[in-house]
Amino acid sequence: MIARTQRRTAPTVFWVVAGVVGALGLGVSIWRLAQGLGATTNLSDAYPWGLWIVFDIFLIPFSAGAFTMAAIANIMNKDEYHAIARPVILAGFLGYAGVVAILLLDLARWHQFYKILWPGFWNLQSFMLEVTLCITLYTIVLLLELSPLLWERFRMASVQRGFRLAGAWIAGAGIVLSCLHQASLGSLFLLMRESLQGLWWSPMLPLFFLLSAVFSGLAMIIFVTVITGRAYGYPGSVRLLPGLAQAAAVLLALYGVLRLGDLVIRNQVGLMFGAGSLSLLFWGEIIIGLVIPLVLFALKSTRERGAGLLWGAICVIVGLALNRASVGLFALERPAGAQYFPSLIEFMVVIGVLAIAAIAYAVVTQYLPVFSDKAASTTG
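Pasting the structure below:
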């Protein structure tokens, strides 16, 4: 069956605001490439990583909803979830595209980015190499997973059939690549044992990063499905989400037990109350990102309501942001007197990337069959 094209358009104010913000973001990005990092950012030797890296290490697990969705729909053969797969995978692809764009801007010698694809320049002992290669390959996999939108839109039935046969293999490759770089991001911070505060450094960081990516991916699926369901008139899709919320609750509980057990084993429990502002940051992450969504997702009365699902997902996303900001910026020891606050250009780039991603999402959902007939029939 050929899927119908979604024709609902976003309000004019959206196009104006997002267009202006996106254009400004694109303009300052070009300015950064022309002028260099030193002239356009507040990064320094004491703070070589700033807002852009924190945004990247947050956006990567947030976008993990795409690989989680692929695992549920294709590997676990939960056919009913195909109805919400495309909007989620599209959001994941745009998230990874944003990661790649900001990584390019964060390179001092951005014009030599192509060397990462040339084996002669590889450092095979580098976690960053593995992360970069997997992100690049996984972005390509997501693009392949979205390509049926074109085949359906232009009624290329033979190509459609070929991709349908290869779908599980493509999804499997994406799952492997995603698991590898999610865990390797945690491995990267293993090297910072002397710099990263004890509430966040752990020999279990690779597992923590992978596990948090999975339950954050489930939260992203819930968030995207509820929002797009309301925006595009598919409110019935929410009925597919309580099972995902229940799975997220189990993973959140497991993550909480592992985090607490790790602190006990490493004799770092005292830091939960005696590390000043970092203790407050830790408890903010635990309460907002773990306890509240665990309660919302565990209770049947809230996980079966759109508002309960949405607020639970938002809390998980905020908790993820706090965790990654702590690991990538706030909880890293710096030289005495060193300070960092992002420049206006750094903020404008991040906001611009989000605006361009929102525009791309609106355009694709308007002109390609992101919401197919199968989705419509499944979600009422």
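Numbering (the numbering used here), first residue to last: 725 to 1104.
Each residue gets a CB set at the ideal place from its N, CA and C atoms; glycine is no exception.
Note that this is a predicted model, so its numbers are computed, not measured.
- Y820 counts as buried, since no fewer than 16 other beta carbons sit within 10 angstroms of its beta carbon.
- Between the stretch 844-856 and the stretch 901-913, the count of C-beta pairs closer than 8 Å reaches three or more; the two stretches touch.
- Short of 6 Å from the beta carbon of Q906, and not among the five residues preceding or following it, lie these beta carbons of its own chain, in chain order: F933, L934 and A937.
- Straight-line spacing of the CA atoms in V865 and N991 works out to 42 Å.
- Apart from the 5 residues on each side of it in sequence, L987 sits with its Cβ closer than 6 Å to the Cβ of V993 in its chain, given in chain order.
- With respect to L814, V1042 sits apart: the two C-beta atoms are not nearer than 8 Å.
- If you look at Y1064, you'll find it isn't in any alpha helix (DSSP H); DSSP assigns it neither H nor E.
- By the CB criterion at 8 Å, E869 and A807 fall outside the cutoff.
- A direct Cα-to-Cα measurement between I796 and I899 gives close to 11 Å.
- Inclusion of V962 and L1044 in the CB contact set at 8 Å is not warranted, their separation being larger than that value.
- A check of alpha carbon separations from T952 across R810, R917 and S1050 identifies R810 as the nearest.
- Of the candidates A955, P1059, L761 and E1070, A955 places its Cα closest to the Cα of Y1085.
- Here L920 is bridged, per DSSP, to L1056.
- Residue environment for T856: buried (at least 16 other C-beta atoms within 10 angstroms of its C-beta).
- For the pair L1078 and R888, the Cα-to-Cα distance works out to about 31 Å.
- Cβ-Cβ separation between L904 and L995: approximately 31 Å, too far for a contact (criterion under 8 Å).
- In this structure the stretch 747-754 does not touch the stretch 1013-1023; the number of beta carbon pairs closer than 8 Å is below three.
- Rounded to the nearest angstrom, the gap between the Cα atoms of L942 and A972 is 6 Å.
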